[in-house]
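Quick note, the sequence shown lines up with residues 53 to 365 if you use this note's numbering.
What follows is one structure encoded as structure tokens, with my remarks underneath.
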Amino acid sequence: MSSGGTRASSGVSFEIKQLKESLLKAEGDKERCLDILQRLEEVPMTLKLLSETLVGTVVSKLKSHKDAAVQSKAKALVKKWKKLAKEGGVGTSTSTTNVAKPKKAGDLVRRSSTSSTASATTAPSIPANIQQEWDKLGPLRKNIVTKLHDILYASSKVLSDKSDTALRAAAVERAINSISRGDKGAYTAKARSLFFNLKKNQQLRENVLLEHISPKQLVTMPPDQLASADKVKARTEAANQLSESRLLDWEQKNEAKINDMCGIKGDLLKASLFTCGRCKSTKTTSTQKQTRSADEPMTVFVLCMNCGNRWKC
Numbered sequence: 053m054s055s056g057g058t059r060a061s062s063g064v065s066f067e068i069k070q071l072k073e074s075l076l077k078a079e080g081d082k083e084r085c086l087d088i089l090q091r092l093e094e095v096p097m098t099l100k101l102l103s104e105t106l107v108g109t110v111v112s113k114l115k116s117h118k119d120a121a122v123q124s125k126a127k128a129l130v131k132k133w134k135k136l137a138k139e140g141g142v143g144t145s146t147s148t149t150n151v152a153k154p155k156k157a158g159d160l161v162r163r164s165s166t167s168s169t170a171s172a173t174t175a176p177s178i179p180a181n182i183q184q185e186w187d188k189l190g191p192l193r194k195n196i197v198t199k200l201h202d203i204l205y206a207s208s209k210v211l212s213d214k215s216d217t218a219l220r221a222a223a224v225e226r227a228i229n230s231i232s233r234g235d236k237g238a239y240t241a242k243a244r245s246l247f248f249n250l251k252k253n254q255q256l257r258e259n260v261l262l263e264h265i266s267p268k269q270l271v272t273m274p275p276d277q278l279a280s281a282d283k284v285k286a287r288t289e290a291a292n293q294l295s296e297s298r299l300l301d302w303e304q305k306n307e308a309k310i311n312d313m314c315g316i317k318g319d320l321l322k323a324s325l326f327t328c329g330r331c332k333s334t335k336t337t338s339t340q341k342q343t344r345s346a347d348e349p350m351t352v353f354v355l356c357m358n359c360g361n362r363w364k365c
């Protein structure tokens, strides 16, 4: 029992550390930051995991992020973890903590019971024969397959028989269990990742239900393939903007060499087709790129050498 619990804790700890590293790299990407913060919120965090991973220090820095939505999400998450620390008895005596434990255990049981009751009343019905099969699974696997069913059911209108949703959910859960090879931590981490992406991506849910994507494919798909089309488009645009910005920066840094090689000297250096709308300077540099269909004009990206203003036309 203890070795299984250790493996589970190890898997969750590894997932948190990966999310922490991703968060450090995604600081300038608002949507990516929000995605990672949401995934961290869904992780069953403990004081031990907070101490091992030090993820709180990274999230705390985002409280002063330039985007208000990221700030708000980071503040809420830090507040939640601080509350966890207080409830865990940080700063209290040993005797006080020991006395409180039985009461908290009872509270957790009651909360779990209430949650299960609410879920049972709102979840769509599952065919009796399939429910019997799920009842034979362990508590964790039964919980995972039930959640998968509830998430997939949101798009069950694409099926001629909505009860087939349960078959798809069961197939996905078996694929998760197979790829995890008995590692409880890896199993729960993969399940949480799919919960998050299936909730966010309607097209992905429909592809799974219609069997355009097999369960085996689903559990091995990289994050960029699990993301919705809008998310992929936003990331592509952000990458393109970064590339264009770097190109203009390179041209600015090497302007003198480029002008010299092209024989541009004297008054020609002051000539420009564009005037900066911010400082009214005509000392600008530009580059062109085909961002629309081939029969439309190329987009011109302009950088003001005087004040650093950038625009496109």
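Cβ coordinates follow ideal geometry from the N, Cα and C atoms, glycine included.
Span separating the alpha-carbon of Ala-121 from that of Lys-209:
Reading the sequence shown from its first residue, position 69 is the one you call residue 121. Reading the sequence shown from its first residue, position 157 is the one you call residue 209. Distance between the alpha carbons of Ala-121 and Lys-209: 33 Å.
Mapping the DSSP letters down to three states, classify Phe-326 as helix, strand or coil.
Taking the sequence shown and counting its residues from 1, one reaches residue 326 at position 274. Three-state DSSP puts Phe-326 in coil, outside helix and strand.
Tell me which same chain residues have a C-beta within less than 7 Å of the C-beta of Lys-251, skipping the five on either side of it?
As a working mapping, residue 251 is identified with position 199 in the sequence shown. Within the same chain, Lys-251 has close Cβ partners Ile-203.
Coil, strand or helix - Gln-293 by DSSP:
As a working mapping, residue 293 is identified with position 241 in the sequence shown. In this structure, Gln-293 counts as helix in the three-state DSSP scheme.
Glu-104 vs Ser-65 beta-carbon contact at 7 Å:
Here the question's residue 104 lines up with position 52 in the sequence shown. Here the question's residue 65 lines up with position 13 in the sequence shown. Yes; because the gap between Cβ atoms is below 7 Å, this pair is in contact.
Euclidean distance between Cα positions of Val-354 and Leu-89
On the sequence shown, position 302 is the one that residue 354 refers to. On the sequence shown, position 37 is the one that residue 89 refers to. Taking the straight line joining both Cα atoms gives about 35 Å.
Gly-234 to Leu-192 span [Cα, whole Å]:
The residue given as residue 234 occupies position 182 in the sequence shown. The residue given as residue 192 occupies position 140 in the sequence shown. Looking at the two C-alpha atoms, the distance is approximately 12 Å.
Residue burial classification, Ser-116 (beta-carbon count within 10 angstroms, cutoff 16):
On the sequence shown, residue 116 is found 64 positions in, with the first residue counted as 1. Result: exposed.
Since Ile-29 contacts Ala-222 with CB under 8 Å, what's their CB separation in whole angstroms?
Any question about residue 29 goes unanswered here, given that the chain covers just 53 to 365.
Helix or strand or just coil, what does DSSP make of Cys-359?
As a first step, residue 359 is located in the sequence shown; it is residue number 307 there, counting from the start. Coil at Cys-359, not helix or strand.
Nearest by alpha-carbon distance to His-201: which of Ala-218, Glu-94, Lys-335 and Glu-263 is it?
Position 149 of the sequence shown, counted from the start, is the residue given in the question as residue 201. Taking only the C-alpha atoms, the option nearest His-201 is Ala-218.
Thinking C-beta only, is Ala-128 closer than 7 Å to Leu-114?
Indexing the sequence shown from 1 puts residue 114 at position 62. Indexing the sequence shown from 1 puts residue 128 at position 76. No.
Residue from Phe-326, Leu-246 and Asn-358 with nearest C-alpha to Glu-94
Along the sequence shown, one-based indexing puts residue 94 at 42. Checked all of Phe-326, Leu-246 and Asn-358; the closest Cα to Glu-94 is Leu-246.
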